[in-house]
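Numbering (our numbering), first residue to last: 87 to 703.
We treat Cβ as the ideally placed atom computed from N, Cα and C, and that holds for glycine.
Here's the structure, in structure tokens; my notes come after.
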Amino acid sequence: MSNPSLLSRADRGLRRGFRRLLRHVVQPPLQVVYSSTYSRGHASVPADPRRGERVLTFLEMEGLMCKACLRKPRPAAFETLRRVHTDDYLESLRHGESATKVVGTPLDDPELEALLDIQRAMVGGTNLATAIAAETRGVVANLGGGLHHAWADRGQGFCVFNDIACAIEARRSRGFGGRVLVVDLDLHHGDGTEGIFAEDPSVHTFSIHNRPWSNTAARESTNLALGSNVDDGTFLEVLRRELPPVFERFQPELVIYLTGADPAGDDTLGDWQLSDDALLVRDRFVFDLARGERKLPLVILLAGGYGPEAWRYNARFLGWIANQQKALEPPTTHQITISRFRHLARLVDPAELSGDSSEEDWSLSEEDLFGALGPSSRRTRFLGYYTRHGLEFAFERYGLLDQLRSRGFAHPTLDWNLDDESGETLRLFGDAERQELLMELRARKNRRTLPKYELLQVEWLLLQNPRQEFGGRRPKLPGQEHPGLGMLRDVVAMMIIACERLHLDGLAFVPAHYHLAATAHVVLPFLKPEDQVFFRHLRSCLKDLSLGEGTRRLAAGDVHRADTGETVQWHPMSMVLPVSEKLTAFFEDEAYQQRLTDAESRQPELVLSPKSGQKTA
87 MSNPSLLSRA DRGLRRGFRR LLRHVVQPPL QVVYSSTYSR GHASVPADPR RGERVLTFLE
147 MEGLMCKACL RKPRPAAFET LRRVHTDDYL ESLRHGESAT KVVGTPLDDP ELEALLDIQR
207 AMVGGTNLAT AIAAETRGVV ANLGGGLHHA WADRGQGFCV FNDIACAIEA RRSRGFGGRV
267 LVVDLDLHHG DGTEGIFAED PSVHTFSIHN RPWSNTAARE STNLALGSNV DDGTFLEVLR
327 RELPPVFERF QPELVIYLTG ADPAGDDTLG DWQLSDDALL VRDRFVFDLA RGERKLPLVI
387 LLAGGYGPEA WRYNARFLGW IANQQKALEP PTTHQITISR FRHLARLVDP AELSGDSSEE
447 DWSLSEEDLF GALGPSSRRT RFLGYYTRHG LEFAFERYGL LDQLRSRGFA HPTLDWNLDD
507 ESGETLRLFG DAERQELLME LRARKNRRTL PKYELLQVEW LLLQNPRQEF GGRRPKLPGQ
567 EHPGLGMLRD VVAMMIIACE RLHLDGLAFV PAHYHLAATA HVVLPFLKPE DQVFFRHLRS
627 CLKDLSLGEG TRRLAAGDVH RADTGETVQW HPMSMVLPVS EKLTAFFEDE AYQQRLTDAE
687 SRQPELVLSP KSGQKTA
């Protein structure tokens, strides 16, 4: 009998191959502009630095990109910036005080240079995207940009330069005199763009946002502030009522669309509640207005979006365009991260990691010499495979060190201790003097947790940023000395690649606190069905609390069984992420699924006391 999953994968592969072939024959429905400089990120800007990269990975995975569809921009020239920004403002950026006001935190010289490099690259990207769209009358997406808060004489709201205005003025300098419509559906008011073109009747700025950032009286603008907690129905009603008349009256010849992801309900900085369906309806509505009968040149910019899921909203829209207006659901952030790392792993020579030559070598290595002395001898390779150079090469190749540099740690340094019986320990510091500990991983191979399977057991994982402070959206959680580093998915992805390379069946972890389990549960399920069901009910019970508050209330004895009133406490529970096909089959087996069903039927309802120390009936 045929395996349906194999047929499904084969069919999907054929479809992807056909899409790639088609893009060599006809003009692609979407062209993309992207620079790896975008992914450097900046510690002072809370956006996911890999947002554009994740979108691009998704498009490539689905066979929706070809070499000719992807263009790399050059950083914007000073001349380009001067067409919009005043000389005094540009000069002030040399000293950092102006940029400090933009991001809200002091910047040293390297941090300032990094921020300016990223945003100049994005300005260059929007310039290139606009030029291609105007010349081809096509649809072009810049996987960055949308820096709409920057004015001619100042920056703000994480925006140093206004790439929208720079792109329009660059077109003007090359003879384009047509009307431009800027449709700004970022959560925040596009005040900088509106202010720059306040006296220009050939540029209409259309912005629906939560609250105004200025009271500019522009000659051509639509400025709609809807307040907080806006839902799908309210937003879509306003959009459908207000935007079509602007297209009809203004008759634009070029459309620039800021498809902000920050109106989403799960955005970490936003205060609206739009669903993924509503955001796609929004994007398609704008696309249809621009690309209807007139087939207007359309430039798409990512604009705002904060949190690890922001990329998926953009990927859903751009995938729909590139796939001939047929919907494609993007994978999870964890899955896209793994896909990227697997692609990079295929490009890595194993000899770079292990130090072993691919050719047969009869000489004795240091490992061979010390191994002959018995089990107490000094280990020289992490997990018996990775040399120190190999680990440094892997961290560099997979982009983790670049992420740390973008956070201001100019000299990340790796250290290790392989002789601890509880596990081999890796430490990553942010400085050559090893004073700023950023990561500590203790791991070992383990055959005890799940008989017949060999796992990579994570005994301890610390990810922290000693330069950040708690407060606001970074509350202190139990066991933390510093806020997190924001790189958990990348580190887990790297460990999964290690499991695949070492032929280990999976990744195992036992969280000491509820908040650690909640964070890890994004990628790691629980080993026992009973634990999986218990945790699902516990999360439902604590869903209205932050992770820190939920952990504290649980530890204080405020969670109880509804049937007996018995206090519920956190207890050690193994989490296992299957990597091998054999272990994946174990979790998908009918017997395991039946255990999940049985555990669900036995799991009592959990309730939270109204206040600490008070039990509920």
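What do you get for residue i, buried or exposed, if any count of 16 or more other CB atoms within 10 angstroms of its CB means buried?
i    : result
H589 : exposed
N503 : exposed
A598 : exposed
H568 : buried
E306 : buried
D348 : buried
N315 : exposed
H164 : In the sequence as presented, His is not what sits at residue 164; that position holds Phe. That one is exposed.
S687 : exposed
W448 : Here the model assigns W448 a pLDDT of 41, short of 50, so the residue's position is not dependable, and the following value carries that caveat. It counts as exposed.
T683 : exposed
E148 : buried
W299 : buried
Q543 : buried
H110 : Residue placement at H110 is poorly supported in this model, since its pLDDT is 44, which falls under 50; the coordinates still yield a value, given next. Result: exposed.
T212 : buried
S122 : exposed
H657 : exposed
A154 : exposed
K701 : Low per-residue confidence applies at K701: pLDDT is 42, beneath 50, and the placement is therefore not dependable, though the value from the model is reported in the following sentence. The residue is exposed, with fewer than 16 neighbouring Cβ atoms inside 10 Å.
L404 : buried
Can you tell which of the options has the C-alpha that lies nearest to the C-alpha of residue i?
i    : options                   : result
T345 : A227, S122, R688 and S425 : A227
V385 : D369, V578 and P394       : D369
R513 : E519, L524 and F336       : L524
G351 : L387, V341, L340 and D363 : D363
R533 : T511, A579, D505 and A594 : A594
A579 : V332, P664, E199 and F292 : P664
R265 : D174, R639, Q337 and W397 : Q337
S508 : N409, H181, E255 and A529 : A529
V170 : D239, E183 and T191       : D239
T499 : S632, T302 and R474       : R474
L366 : W237, A413 and R335       : A413
F427 : R136, P132, P114 and Y124 : R136
R483 : Q242, S293, L430 and Q411 : L430
L541 : H601, L613, G211 and K562 : L613
S425 : D357, L602, A408 and I583 : I583
W237 : F283, L142 and P564       : F283
L176 : T222, N248 and E555       : N248
S666 : M659, A604 and K538       : K538
The ligand PLP and residue i: does any heavy atom of the ligand fall closer than 7 angstroms to the residue's C-beta?
i    : result
I282 : Among the ligands in the structure shown, none appear at all, so the ligand PLP cannot be discussed.
State yes or no: is the beta carbon of residue i nearer than 8 angstroms to at least one beta carbon in chain C?
i    : result
V246 : Among the protein chains of the structure shown there is no chain C, as only one such chain exists.
Can you tell me where the beta strand (DSSP E) holding residue i begins and where it ends?
i    : result
T291 : V289 to H295
G592 : G592 to F595
Q117 : Q117 to V119
R647 : V645 to R647
A227 : V225 to N228
Give me the DSSP bridge partner(s) of residue i.
i    : result
M525 : L514 and L549
D506 : Per DSSP, none; premise fails for D506.
G485 : Bridge partners of G485: none, in fact.
G557 : R560
E245 : Sequence check: residue 245 is Cys here, not Glu. Paired residues: Q242.
M659 : For M659, which the question treats as bridged, DSSP gives no partner whatsoever.
I709 : Absent from the structure is residue 709, since the part of the chain shown begins at 87 and ends at 703.
P664 : G592
Q543 : R530 and A594
L692 : R647
F468 : Y472
D501 : R513
L360 : A350
F612 : M661
T653 : H646
What are the boundary residues of the alpha helix (DSSP H) that includes residue i?
i    : result
W406 : A396 to A408
P196 : D195 to T222
L633 : L633 to A641
L574 : L574 to R587
L439 : P436 to S440
P330 : D318 to F336
S122 : Per DSSP, S122 belongs to no alpha helix (DSSP H) and is neither H nor E.
L430 : T419 to R432
So within the stretch 257–314, which uninterrupted beta strand (DSSP E) runs reach at least 3 residues, ignoring any that extend past its ends?
Within the stretch 257–314, the complete beta strand (DSSP E) runs of at least 3 residues are 266–270, 289–295 and 307–311.
What residue ranges within the stretch 126–175 form continuous alpha helix (DSSP H) runs of no fewer than 4 residues, ordered along the chain?
137–147 and 164–168
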